[in-house]
Every structure is written in structure tokens, then in C-alpha cells.
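Here it is, written out as C-alpha cells:
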């Protein structure tokens, strides 16, 4: 019997080998496997050339194989070993060239000599190979055979959309991306954690809010999705999370929405402060993922990010070192449970108002110790504090922050007070 | 000739022996003695069973005597020695029982072995005795005679109300409670200090505001009073203070209203910062007296608390150690004078506006040194600062905070500027 | 070829010897020499007795000579050596008197024995001499000859006004004063720096805003000027600076407007934080120059002050030690360039709004590196940050503060984005 964390990790292992990019069969295969868990996932194809705001859906890219053979006939770079070896969106090539010419197509990291860097060139036609600096150093002059069996042609951009209706059409938005080849924290952690959040949401007996969950390629995917849906989203989305870098177990990170104080931000901070008070807090200036689109002027969605180690802030970022060993069942589950708590807080939030003036007489309802002594006054403190701030002006979440208790401690108390008709929802 | 502090202390000595509770003759006798100083104090009786919001006025409780006699025939607990020995609202009992049964009715404090705890059971019928742990320890098995000559029956809840009309019907509210038996800081200090504040107010030649001063039992008394008066109070009260724990001389304490920034809060902070800057600042979350009712949702009165050692925050609290030796003339007078300064600030506050554009020429009015030199610029600084901020947008109190001077330093200057027609009240 | 700082210093040297006061020929001569550089400077005369708000234009004062001769026949105080020797606005006197009587008319500084203090008596008729304490100490009893050849009579108050029209009638206001006799930092630095700012503004090919620049006597001059112009100024002035104490090179100082958050304040803080982050920050409570009038209730202009060593805060203030050696080309130029940057920021400010939803595709416009790698994401950070906050809700200046870059770094980027039609001014 696997733990939840192990189940998420297992999905990451399963999806890891697929060579994803912003378009192509790698995305389709990834979505197909996710759809096995989320049968109503709807897969959309947007044709090459489709105008999306300032952008155009690019050619679709697919790749079958790629290698470099050195003057001694040894295959020194091999796409079959790591799909990171090829610059993303490389044009096809099949040629012999000397080292000097080849060098202009090689990418390595002198400071991280054992890491293959992750490099892409979506919008300018290029080809290239990425390799470790340790691989590159010993290369000697001579004739190299270079082959990239790729294809750039009209096709489509593929994304998945998972809609869960709730009691109202106001919705919570989750976004993650499926365009990174074989890397772990950034990025298989996002789609895997999101898949399990979607499963949990699908299993709820009732949902206060509707949910819109998208599995998209980064940047061009979110822009494409927004260009088709932003008006409805601006009307409906009350909170959203961009789910990325949720797999390692080194830290927790928070990056605000541009507006900084949306419901998504307040929930994220409430959960992190109560569960992982040592979390790292970033500024919107340190953004770098799809919040750039969701929070852009004119879009202005309330989308915040909760991460483990943030993109750009850990040494293995965008290299082959960000592999399955960097993420862990514990790391994935930690992010999953924080995000789950956020969703639970949003679902449980309401605007409570005490129904009677002055404190109610809790004693006659069995809610208060009947013998008053030096210590007993503290016993029902939380219940009284909740009532004291239930003035119909602030939400349960805001009260939780004000009285310094986690929201999940207040929810059952609030339920009991509502059941006793001492409190009601005036939201 | 007694000092003011000694006079307040003497009243505390006089009222100390009376056995008060939330109802009964102890409250009546206390109010009768206060009425000797405040002849127009009006005493109200509210019958048992009267509905007050979520509460009902309970039976009236009176007690004549109570004791426990040990197997050796010695009276080991005696109500005549301390009225704290009997649990408040104890039902009558007259029985013989063994130690084991008696133990279930005894209350003592192992951590404070020489203190009789103060225990009550207003809303569940019980009887019990409180004793020091030192008294309790040597008790040996055997037959004990137990007697409580008390009475719980239909009667009424008694409170006192003192109304002083002013130039407007906007009013300042003072509340204190008269339900505690023989204890000093919490609580004879409150009614004693409040009596002297009321005397001072009654002696004023004119009052800008009306004053509503109540002497009530805690909790049920404030709820009862509010249920009869809250609509008028919500319309009229501009600031209020709950006066409790104002007798010892260890510290000053401030507890805000729920809204935190009412006139009462701003005045309290202004006075304490200027007179006792080392005061303790509490949060509304640490409340515990009648501010719980006055600031409750739907009531929302601007009531703050200024205390010496706050309830629950000093070791003698709610025990027999909180006696007349804990409070002092200096302690009582310190609280009295801070509260008096608050009332004086409220009375003197207005919205000043400079009547001329630019700085006025103070020199021609004899308000400015005529010889300008290196130092003279500072001499009329406070007057100029007052004028500089007298823009008709903020009150004298707000200006005092802004320019960093106590309000009582600004009041005579403001009077002079008004007399010179350089300033006027636009409030 | 002189540097800008040397040119400003040279003007200070030229104006230094003139004996200025709040009225009289010294002001006229100073303005005449400034008019040589600013030909369209308009010189106004306001007659003695003119009512200006609470004030009246005083008699005009002129002085030709003054001295004290000691019992030995030596001229021990001589106006020709320093015009600070005579109390400003001294009535004429020509008499013999003993030391005791003379002493009542002498002003010196025991703590600064080598400094002549600067003393005036504008609104009470007096005469007096200022001298160093070293000069005063050896005076011995005997008959002293005392002569002040001055004149107090109906005349006028003189000020200069320099108006530069811009594209709108919204204007930036600069004020400096020309009433101090021979002193350097306070005050020849102000008119000299202001003259060069005016020259720079006059040379601009186009100005977004109009400019109103006044050279006035302090206090009575600003009050007089406001009484004639405040309604128009309240309608038009968007930001202003009181220019005083801008000549030494010890520090930079900022004193806010009374409102504290006007455009003038925000620009001043932006420039100082980015260029001289160690600047001294004062409160409006520490004001002392014409901001007292410009920010007074009813006038309420957005006028802040940027200074080098602030009036009243350096030891030489208002003494003969504040001479040409205290100021320097570097000191004057430092203040000049900070004020110039403020004017440039105001001129360049606008309300940018991104024209496309989501991030624009910078690559296709040559604004973005086409090869995405680990470092390239940071390369266009500032441009992206500017676009990310260009929501039509805040000015370029506010965005500069938000993204932590100096405004002058954003201006060319904003221009390029506007040229690419990716941004427009919606202000």
C-alpha cells in the first residue's frame, strides 16, 4: 500500500522519460497518461499560426533521435541517453563538421561540470547540443558526424483542461506546465501534484466553488489559454495557484500575485505561516513562471505560487541534475498537502456573523464550563474569540489571522456555532 | 486632611467587608454607600427571569453564614472570617458527611498554598467551600458538619446608573462592576475610582459631553444594561472606559477596544504615552471584562480599558491575596489621574482651523519675540506647530500626537489663539 | 573653461558682498545681476503698507555705513568690513554713550567667539551691532561713538519672478530667497543654484510643464507673493521646491512638505535614495524656511526641500562663519544636479499602460535574446518589470520605486516600448 507521496512520486517516474517541449507528441503522451487518472480531462489542440494576443502558436516540434559521433567513431552525445542533450526546438541536421564549427552548437556549464544544461530556442531556428562540461573538455579536433532527426512543421499546440463544476460559477484556478523534458522539480512535480489535487477535488461530495485546472506548456501555453478564456476567467476566478517546483524537500517558497493581497495570497500565507513558518518569501519581482501572464496588466488574475525550492533558486535548476533523485515522495507530498489545505481553506471560508448581541450564554448550551475558576476562562477562548470577531465584516480566514489560530481549527467550531444558531453566514 | 488617593482608599476600606455577588443585598449595600457620595445615583432592580439578549436574569442569591466543622468539633472554615470561603451562588446545605464526600466540594490552590481562591457557579446549582491549601492539607478522615445558610430565589439584579447631562447628548461612558466579594484590585478599585471620577465630573461648571456612569455586576450586569440601553448608547457614546483593576501600583495597562482605533483608544494611548510611557500594552484578544460585551458584534461601542495590573496578569488575581494590602492610595490615585486626564482631553478636544492664510504675524500680537536671533526661532515652536497643522482636518488630540506634545500643553495655547481670532473650531 | 559648479560658485562670489535685507537696494542690485543671466526675469515692487494676509509690507530699509569708535578713537566695529556687524533693520543712530549703555545694543556668541552673529529686528524698531565675542571681550569703560547711517521709510518690497511656459499650464514651482546679507550656504547658494536651474529650463526645446521661479525675501516675501498669486498656484502647481542651503558639501538633506507624500516629496526621495542614499531625512516639524508659508493651512502647496546642510543644523549657520569658504563648486553642483534630476523626473513622468494582454513577444521585435538559457532570463528583467507594472494605475516614477530602479534608467526603455507600440501614456 503506497502512501500518497509515493503515489505522486510514482506518477513522476512514469512521466519522466517522455521528451516534452512546448508542442509535440511528448505533451500529448504526457496528457494521455494524466487522462488515465482524470478521465474527463479535455485535450485541446490549437493550430500553428493561431494568433494569441501578441504571440503566434509556433510550428510543432518533434524529435526521434540525435547524436554526435567523434572522429574516433564513438557516439559521444546520445539523445537516447538524455533528451536534455538536444537544444529544444532544434532544426534537423545531418552533417560532418570539424570541432570548431561544432563548438558553436555546444552548450555546457563550466561551473557545474557534471550537469547537462537545459537550453531551448523556440522562436529562432537553431540547432544545438547540450552536454556536461566534463564531456566537452576532452573533445579533440577532427571530423564529427552530427545528426538531429527532428521536424518543425505546421501542427498544433496541445493542452489539457479539467473543469469541475461547483455550487457557484465562481471558480478556483490551478495551472501547471507540461513542456519540460526529463527534469524533476522543474518540472514534473507540478503536473504530478496537480493531478492528485484534481483527483481529490473530483472526489468531493460537494464543492462550494468550481475548479478550472490546466496542464499547459509554459508561457505560450498560458498566453494561448488566456487568449481564449480570459474574459470568463476575469469574471469567475476568485483565487488561483501556479503549481511549479513542488517536488524537493528542502524548503517552502511563496511568490505573491502582482496585486499581493488577493485571496490566493492570503490563503497561501495563512497556510504557510501556520504549517511551515520558516518558508521563503519572494517578491513578485522574482517571478518567472506563468504568473507573469496570469498577473499581467489587463489580465490581473489573483494567482499566487506556493513552491518547494523556487525556480532559479537551487543549483540543479534547469540542468540534468534536477532529476528524479532531487524530488521525493516527502517533498511532493509536502507541497500537495499545503496546496490541499489552501483549497480546503477557500472551500470552508465564509462571512460569519454572530446572531445575538453580547456574548451568548454558552453554559446553557453545554459549550462552557459551568464552574468559573482561575483557569476555566481560557478553555473556550478560541470559540469566544471567533464569536468576538464574527461581525459580518470579515471572513473566517481573516478572523483566523486576527486571532492567531489556523483556519482548520476554527472550521469545526464555526460549524458548531452555526448549528447552535449562534452564528450565520452573511457572505 | 486626606489626599485624593487616601480618600479613594478609605472608600475601598469601607466597602471591602461587604459580601457582593452578581445579585443580592451585598450589591444593594455597596450601591447605597456609593449613593451617599453620588446622591443622584439611580438604583435599578431587574427581576429574576427577565430576558436580556441570550441571557436571563438569574435567581437572586443571599447568604447569611457558612462553616465547616471537623471531626474534632473545630470550625475549620468560617464565612465570617472571609466571604471568599464560600463558592459564589452556593445552594444551601446542612449536612454531615465524610471527608471523601466533602473533598468534592472543596477548592484550593496547590501552587498558592496560602491563598483562598475565588470561585463562583452562577448558572449551575452547586455548593462548595474555598480554602487555602495549607488549611486543606491536614484534614483527616471523619465526619464533618457542613452548613451554608444561603438562599437562591426569585428576586432581582441590582445596578446603579449615574447620568450627568452636558451641552450635547453625545456622551462619554464609564462602567465598573460591583459583583466581587472582598478583593481589592479586582475589584473594589474600580467602583471606588469611578465614584471619585463621577464626583469630579459632577463638580464641573460645564461639560461639553454628557456622562453615563454605571455600577453593575460583571457580564450579566453589562448584558442586562445593554439590552435596555444599547440603541441609545450606539447613537450617543463617543468614547467609553471599562474601569477595573485600578488599585495597585505596579504598572499601567492598556487594553484596546475591538475596533482598536476609537477615540477612547486614541485618548488612552495619548495619555499613557505622555505620562507613563512604560505602560503594558495588551491586545483585545487578552480581554476578559465587560469590554467583551461593550465591543461585541452588534454593540460595537468605543470602550477601551486603562488598568494598573491587569486581571489575570498578577499572581494574587482572584484569590484572597488580592486584599486591601495589594492596593494603595498611590495606586488608586495613579489610575484616577490617568482616567481624569483622558476625560479632560475628550472635553477639551475640538477641530481647530487657522483663520488666516500663511503664518500669522505673531509679533504684532505680542506672541513672538521681536528680535530674531539664532535661538529665538525655537521659542514659539509649539504654537507655530499647532497652527501649522490646524487645517480643519484633524482634532487637537491628533495634532498633539503629530507634533509630539501632550494635549494639556496645547489646550492653553489653543485657547489663546482662539481668543486672538487666529484659530477657530470647525468641528 | 569653468565647470558648472565653478560657474555657480563664481556667481555666489559676485553677489556675496551686497548688503541684502528683506527690502531695499541690496535686493534690487542682487536681482539686477541675476537678470543679466535671466533676461526675462520680471522685477516687482510692492509698496510699504500693502496688506498681505495677516501681514503688512514694512518700511524699506537702506544703510550706507555704520561704525563704533572706542574711547581710544579706534573704529572697533565697521560695517564696511562686514555687513553682518549691523542688526538688520537698525534704526539710525549717531551718539556718544558709555559702555554700559552700548552693551545693551551688542550681540555676540560666547560659544563661537570668532563668529559675528546674524541678527535682525524687522518688526520692532531697534538698533544694534553684532560682533565676535573676541572683539567684545576686551571692551573697556569709557565713551563710545556710535553711528548707523540707515534709513527706514516708505518704499517697497522687491522680488523677482521668472515664468517659463510649457505645454500645459500645470506648473512646477521653485522658490529661493534673496534677503540674507553676506553669507554663503544660507544664503547665497539658493539664488545661485536656482539661477542655473532656470537657465537650464529656459534652454529646453520643449517643456511638459510651465515653471514659476521666484527670488524673494524670506517670510514676508513669500507671504506677499502668495497673497497675490495663491489662487492660481493652488490650481496649477503640481510640485515645488524651496531652494535654500544648497552650497556646502557635507551632506544632503530632505525636508518634506506638510502633506508628506506629494509629487515633490516622492521625486525628492526617489532621487536622493538612488543618488545619495545616506541623505539626512528631517520632519516637517523641523521646518524653518518658506515651506512654512507654502504648506500652511489654506495654501497647501506641494513644496518640499532638498538641501545640503540644513538651516539650523550646522555650526556656522547664521554667523559670519557661513562665508564663501563654507560653500564650494562641488557643494553647489551636487545640489544643482540633484534638483535637476528631480525636474527631469517630473518632466519625464507619465502613466504607462501596456497595450497588449500578457507579456509581449519581445523576441520578434529584437528586444529579447532568442536563445533561452539559465542566465538569459535575467537580461531583460528591467524591461519586463516595467511592462509588468504598466497597468495604467501608476506613474513611471511609482513603477521605478516599485521595481527598485532609478527613473532615469527606465525613461529610455519606456521610450522604446512606446515606439514599439507596446506601451502608451494613459495619464
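Residue numbers (this note's numbering), protein chains in the order written: chain U, 979 to 1405; chain E, 979 to 1405; chain Z, 979 to 1405. Yeah, the Cβ is synthetic: ideal placement off N, Cα and C, and Gly gets one too.
### Query
Assuming residue 1124 of chain E and residue 1046 of chain E make a contact with CB atoms under 8 Å, what is their CB distance in whole Å?
Indexing the second chain from 1 puts residue 1124 of chain E at position 146. Indexing the second chain from 1 puts residue 1046 of chain E at position 68. At roughly 5 Å, the Cβ-Cβ gap stays under 8 Å, so residue 1124 of chain E and residue 1046 of chain E are in contact.
### Task
Return the chain-ordered list of same chain residues with a C-beta closer than 6 Å to the C-beta of residue 982 of chain E, the five sequence neighbours on each side being excluded.
Your numbering for residue 982 of chain E matches position 4 in the second chain. For residue 982 of chain E, where only same-chain residues beyond five positions count, the Cβ hits under 6 Å are 1311.
### Task
Could you tell me whether any Cβ in chain E is nearer than 8 Å to the Cβ of residue 1032 of chain Z?
Position 54 of the third chain holds residue 1032 of chain Z. Yes, because at least one Cβ of chain E sits closer than 8 Å to the Cβ of residue 1032 of chain Z.
### Message
So, for residue 1228 of chain U: in the same chain, excluding its five sequence neighbours on each side, which residues have a beta-carbon less than 6 Å away from its beta-carbon?
### Response
Your numbering for residue 1228 of chain U matches position 250 in the first chain. These residues qualify, in order along the chain: 1287.
### Query
Counting Cβ pairs closer than 8 Å, one from the stretch 1014-1028 of chain U and one from the stretch 1304-1324 of chain Z, do we hit at least three?
No: fewer than three Cβ pairs fall under 8 Å.
### Query
What is the rounded straight-line gap between the Cα of residue 1107 of chain U and the Cα of residue 1037 of chain U?
Locating residue 1107 of chain U in the first chain gives position 129, where the first residue counts as 1. Locating residue 1037 of chain U in the first chain gives position 59, where the first residue counts as 1. About 20 Å.
### Query
From which residue to which residue does the alpha helix (DSSP H) around residue 1003 of chain Z run?
Taking the third chain and counting its residues from 1, one reaches residue 1003 of chain Z at position 25. Taken as a continuous stretch (DSSP letters only), the alpha helix (DSSP H) holding residue 1003 of chain Z covers 1003-1015.
### Message
If I measure Cβ to Cβ from residue 1043 of chain E and keep anything under 6 Å in the same chain, skipping five residues before and after, which residues do I get?
### Response
Working through the second chain from its first residue, we reach residue 1043 of chain E at position 65. The beta carbon of residue 1043 of chain E sits closer than 6 Å to those of 1057, 1127, all from its chain and outside the five residues before and after it, given in chain order.
### CB of residue 1143 of chain Z within 8 Å of CB of residue 1188 of chain Z, strictly
Here residue 1143 of chain Z refers to the residue found at position 165 of the third chain. Here residue 1188 of chain Z refers to the residue found at position 210 of the third chain. Against a cut-off of 8 Å, the Cβ pair of residue 1188 of chain Z and residue 1143 of chain Z comes out as a contact.
### Task
Mark residue 1052 of chain E as exposed unless 16 or more other C-beta atoms lie within 10 angstroms of its C-beta, in which case mark it buried.
Here residue 1052 of chain E is taken as the residue at index 74 of the second chain, counted from 1. Here residue 1052 of chain E is exposed, its C-beta having fewer than 16 other C-beta atoms within 10 Å.
#### Entry: 8 Å contact criterion, which residue 1200 of chain E and residue 1023 of chain E should meet: CB distance rounded
As a working mapping, residue 1200 of chain E is identified with position 222 in the second chain. As a working mapping, residue 1023 of chain E is identified with position 45 in the second chain. That pair is no contact at about 16 Å.
### Message
Under DSSP, the alpha helix (DSSP H) around residue 1077 of chain E begins and ends at which residues?
### Response
The residue labelled residue 1077 of chain E in the question sits at position 99 within the second chain. Going by DSSP, residue 1077 of chain E is part of the alpha helix (DSSP H) stretching over 1077-1081.
### Task
Identify the continuous alpha helix (DSSP H) that holds residue 1020 of chain E and give its terminal residues.
Working through the second chain from its first residue, we reach residue 1020 of chain E at position 42. Residue 1020 of chain E -> not in any alpha helix (DSSP H); beta strand (DSSP E) instead, spanning 1020-1025.
### Task
Count the CB pairs spanning the stretch 1210-1222 of chain Z and the stretch 1139-1154 of chain Z that are closer than 8 Å, and state whether there are at least three.
Touching, yes.
### Query
Within this structure, are the beta carbons of residue 1260 of chain U and residue 1233 of chain U separated by less than 8 Å?
As a first step, residue 1260 of chain U must be located in the first chain, where it is residue number 282. As a first step, residue 1233 of chain U must be located in the first chain, where it is residue number 255. Contact: yes.
### Query
Between the beta-carbon of residue 984 of chain U and the beta-carbon of residue 1307 of chain U, is there less than 8 Å?
Here residue 984 of chain U refers to the residue found at position 6 when the first chain is read from its first residue. Here residue 1307 of chain U refers to the residue found at position 329 when the first chain is read from its first residue. Yes, Cβ-Cβ distance for residue 984 of chain U and residue 1307 of chain U is below 8 Å.
### Task
Check whether the stretch 1074-1091 of chain U touches the stretch 1167-1187 of chain U, counting contact only when three or more Cβ pairs, one atom from each stretch, lie closer than 8 Å.
No, they do not touch.
### Query
Taking a cut of 7 Å between CB atoms, which residues from the stretch 1277-1298 of chain U lie near chain E?
Listed by position along the chain: nothing, the set is empty.
#### Entry: Beta-carbon proximity list for residue 1244 of chain U, same chain, < 7 Å, skipping 5 on both sides
Walking along the first chain from the start, residue 1244 of chain U turns up at place 266. Short of 7 Å from the beta carbon of residue 1244 of chain U, and not among the five residues preceding or following it, lie these beta carbons of its own chain, in chain order: 1375.
### Query
What residues from chain U crowd round residue 1101 of chain E, counting only those whose CB sits closer than 8 Å?
Here residue 1101 of chain E refers to the residue found at position 123 of the second chain. Going along chain U in sequence order, the residues near residue 1101 of chain E (Cβ under 8 Å) are 1339, 1341, 1342, 1348.
### 8 Å Cβ cutoff, residue 1397 of chain Z in contact with chain U
Translated into the one-based positions of the third chain, residue 1397 of chain Z becomes position 419. Taking Cβ atoms only, chain U never reaches closer than 8 Å to residue 1397 of chain Z, which makes this a no.
### Message
At a CB distance below 9 Å, what residues from the stretch 1072-1098 of chain Z approach chain E? Give them in sequence order.
### Response
Taking 9 Å as the Cβ-Cβ cut-off, the stretch 1072-1098 of chain Z approaches chain E at 1085, 1087, 1095, 1096, 1097, 1098, given in chain order.
### Buried or exposed (CB count within 10 angstroms, at least 16 for buried), residue 1369 of chain Z
Within the third chain, numbered from 1, the residue matching residue 1369 of chain Z stands at position 391. Per the 10 Å Cβ criterion, buried.
### Message
Along the chain, where does the alpha helix (DSSP H) containing residue 1172 of chain U start, and where does it finish?
### Response
Within the first chain, numbered from 1, the residue matching residue 1172 of chain U stands at position 194. Taken as a continuous stretch (DSSP letters only), the alpha helix (DSSP H) holding residue 1172 of chain U covers 1167-1180.
### Query
Less than 8 Å separating the beta-carbons of residue 1272 of chain U and residue 1250 of chain U?
As a working note, residue 1272 of chain U is residue 294 in the first chain. As a working note, residue 1250 of chain U is residue 272 in the first chain. No, the pair does not count as a contact, with Cβ atoms beyond the cut-off.
### Task
Let me know if residue 1382 of chain E comes out buried or exposed under the rule of 16 or more other beta-carbons within 10 Å of its beta-carbon.
Here residue 1382 of chain E is taken as the residue at index 404 of the second chain, counted from 1. Around the Cβ of residue 1382 of chain E, a 10 Å sphere holds fewer than 16 other Cβ atoms; the residue is exposed.
### Task
Could you check which residue in U/988, U/1267, U/1118, U/1274 has the C-alpha nearest to that of residue 1197 of chain U?
Locating residue 1197 of chain U in the first chain gives position 219, where the first residue counts as 1. Out of U/988, U/1267, U/1118, U/1274, U/1267 has the C-alpha closest to the C-alpha of residue 1197 of chain U.
### Task
Rank Z/1398, Z/1276, Z/1095 by C-alpha distance to the C-alpha of residue 1335 of chain E and give the top, closest one.
Working through the second chain from its first residue, we reach residue 1335 of chain E at position 357. Of Z/1398, Z/1276, Z/1095, the residue nearest in Cα terms is Z/1276.
#### Entry: Residues from the stretch 1243-1270 of chain E in contact with chain U, defined by Cβ distance under 7 Å
Result list: 1263, 1266, 1270.
### Task
Give the single residue among E/1084, E/1100, E/1161 whose Cα lies nearest to the Cα of residue 1302 of chain E.
Taking the second chain and counting its residues from 1, one reaches residue 1302 of chain E at position 324. Per the Cα distances, E/1161.
### Pairwise C-alpha distance: residue 1014 of chain E and residue 1239 of chain E
On the second chain, position 261 is the one that residue 1239 of chain E refers to. On the second chain, position 36 is the one that residue 1014 of chain E refers to. Roughly 37 Å separates the two Cα atoms.
### Message
What does the alpha-carbon distance come out to for the pair residue 1365 of chain Z and residue 1005 of chain U?
### Response
As a working mapping, residue 1365 of chain Z is identified with position 387 in the third chain. As a working mapping, residue 1005 of chain U is identified with position 27 in the first chain. C-alpha of residue 1365 of chain Z to C-alpha of residue 1005 of chain U: approximately 30 Å in a straight line.
### Query
Would a check of beta-carbon distances place residue 1185 of chain Z closer than 8 Å to chain U?
Taking the third chain and counting its residues from 1, one reaches residue 1185 of chain Z at position 207. False, the Cβ-Cβ gap to chain U never drops below 8 Å.
#### Entry: Near-chain E residues of the stretch 1309-1329 of chain U (beta-carbon distance less than 7 Å), N- to C-terminal order
Within the stretch 1309-1329 of chain U, no residue has a Cβ that lies closer than 7 Å to any Cβ of chain E.
### Task
Entirely within the stretch 1278-1317 of chain Z and at least 3 residues each: give me those beta strand (DSSP E) ranges in chain order.
Scanning the stretch 1278-1317 of chain Z for uninterrupted beta strand (DSSP E) segments of 3 residues or longer gives 1281-1285, listed from N- to C-terminal end.
### Message
Cβ closer than 9 Å: which chain U residues qualify as neighbours of residue 1208 of chain E?
### Response
Within the second chain, numbered from 1, the residue matching residue 1208 of chain E stands at position 230. Simply 1335, 1336.
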